[in-house]
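Colleague:
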Ligand code: DC
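Residue numbers (our numbering): 4 to 238.
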């Protein structure tokens, strides 16, 4: 692998893309960009500013001036807005249930996509990774934000596996009640988000990795294999 390298990973809720992307970035010694956290931060900021999330113009105006600071250190991916550390607050159910309203705002997407592209470019020349590159994950990284990335992966998992994982993350258990409580966050949100981005089917040239039957370590190994084989010319 010759740096700089840009690795784009997309996938639906509960596919495990955040933890997988973070760990892959750690192992490669590159930066990590959680673009979902940017949509969550934008939602948090709108709520704090008292903006009605259905007022798309007001939301766009407020997001345009959001004082966002994203750390791209995979060991400490802190998110700050107005110098407040909101890394935990943006994971609250209150944000999870509202974030699609902001993420389906086309003008907001353009604002955040520009920030994301700038960050990817910065890591290819300097930044946290000192020019080694970045793993960027989300819903439209392989297709719109970085269609020219060196490696593009769509990480999927069956609906059952995704519900189980998200229930375990949010409720600490994957029993029937916890899985039921997770359905809105996973299925309804993906249905809403699918209206503006296609992340259920891989675009041309994007490699699909189904992690339904893989544990965490197996998924990391599979991603590292794809990276090695995509970037190393055949002997
Ligand atoms: O991956 P996540 O659950 O943290 O994402 C939060 C929301 O942001 C989710 O509703 C999908 C949306 N999102 C998006 O539309 N485009 C991205 N690149 C990343 C996330």
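We put the CB at the ideal spot given by N, CA and C, even for glycine.
Everything numeric in this text was worked out from a predicted model, so none of it was measured.
Closer than 8 Å by C-beta to residue 30: which residues in its own chain qualify, once you throw out the five before and the five after it? Chain order, please.
Modeller: Residue numbering aside, residue 30 sits at position 27 when the chain shown is read from its first letter. Closer than 8 Å at Cβ, skipping near neighbours: 223, 227.
Colleague: For residue 56, which residues in the same chain have their Cβ closer than 7 Å to its Cβ, ignoring the five residues on either side in sequence?
Modeller: Along the chain shown, read from residue 1 onward, the residue named residue 56 stands at position 53. Contacts found: 49, 62, 101, 104, 105.
Colleague: Could you tell me if residue 238 is buried or exposed, where buried requires 16 or more neighbouring beta carbons within 10 angstroms of its beta carbon?
Modeller: By 1-based counting over the chain shown, the position of residue 238 is 235. The pLDDT assigned to residue 238 is 44, lower than 50, so where the model puts this residue is not dependable; a value taken from the coordinates is nonetheless given after this. Its Cβ having fewer than 16 others within 10 Å, residue 238 is exposed.
Colleague: Enumerate in chain order the residues of its own chain whose CB-to-CB distance from residue 14 is below 7 Å, with the five nearest sequence positions on each side excluded.
Modeller: Taking the chain shown and counting its residues from 1, the one referred to as residue 14 is at position 11. Excluding residues within five positions, the ones whose Cβ falls inside 7 Å are 20, 157, 158, 159, 202.
Colleague: Buried or exposed for residue 215, going by 16 or more other Cβ atoms inside 10 Å?
Modeller: Taking the chain shown and counting its residues from 1, one reaches residue 215 at position 212. So residue 215 ends up on the exposed side.
Colleague: Beta carbon of residue 139, beta carbon of residue 36: below 8 Å?
Modeller: Against the chain shown, residue 139 aligns to sequence position 136. Against the chain shown, residue 36 aligns to sequence position 33. Against a cut-off of 8 Å, the Cβ pair of residue 36 and residue 139 comes out as a contact.
Colleague: So does residue 103 have its beta carbon nearer than 7 Å to some heavy atom of ligand 1?
Modeller: To locate residue 103, count along the chain shown from 1; it is residue 100. At least one heavy atom of ligand 1 is nearer than 7 Å to the Cβ of residue 103, so yes.
Colleague: With a cut-off of 8 Å, do at least 3 Cβ pairs link the region 174-186 to the region 141-150?
Modeller: The region 174-186 vs the region 141-150: no contact.
Colleague: Who are the Cβ neighbours of residue 96 in its own chain at under 8 Å, not counting the five residues just before and after it?
Modeller: Here residue 96 is taken as the residue at index 93 of the chain shown, counted from 1. Within the same chain, residue 96 has close Cβ partners 173, 188.
Colleague: Quick check: is any heavy atom of ligand 1 less than 7 Å from the C-beta of residue 38?
Modeller: Residue mapping note: residue 38 aligns to position 35 of the chain shown, counting from 1. Indeed, a heavy atom of ligand 1 lies less than 7 Å from the Cβ.
Colleague: Starting from the Cα of residue 73, find the closest Cα among 123, 59, 65 and give me that residue.
Modeller: Counting from 1 along the chain shown, the entry for residue 73 is found at position 70. Ranking 123, 59, 65 by Cα distance to residue 73 puts 123 first.
Colleague: At which residues does the beta strand (DSSP E) containing residue 9 begin and terminate?
Modeller: One-based indexing of the chain shown puts residue 9 at position 6. Counting along the chain, the beta strand (DSSP E) containing residue 9 begins and ends at 8-13.
Colleague: Taking C-beta to C-beta, are residue 26 and residue 75 nearer than 8 Å?
Modeller: Taking the first residue of the chain shown as 1, we reach residue 26 at position 23. Taking the first residue of the chain shown as 1, we reach residue 75 at position 72. Against a cut-off of 8 Å, the Cβ pair of residue 75 and residue 26 comes out as no contact.
Colleague: From which residue to which residue does the beta strand (DSSP E) around residue 157 run?
Modeller: Counted from its first residue, the chain shown places residue 157 at position 154. It spans 154-159 - the beta strand (DSSP E) in which residue 157 sits, taken as one unbroken run.
Colleague: Taking the beta strand (DSSP E) that residue 138 falls in, what are its first and last residues?
Modeller: On the chain shown, position 135 is the one that residue 138 refers to. 136-141 is the span of the beta strand (DSSP E), which, as asked, contains residue 138.
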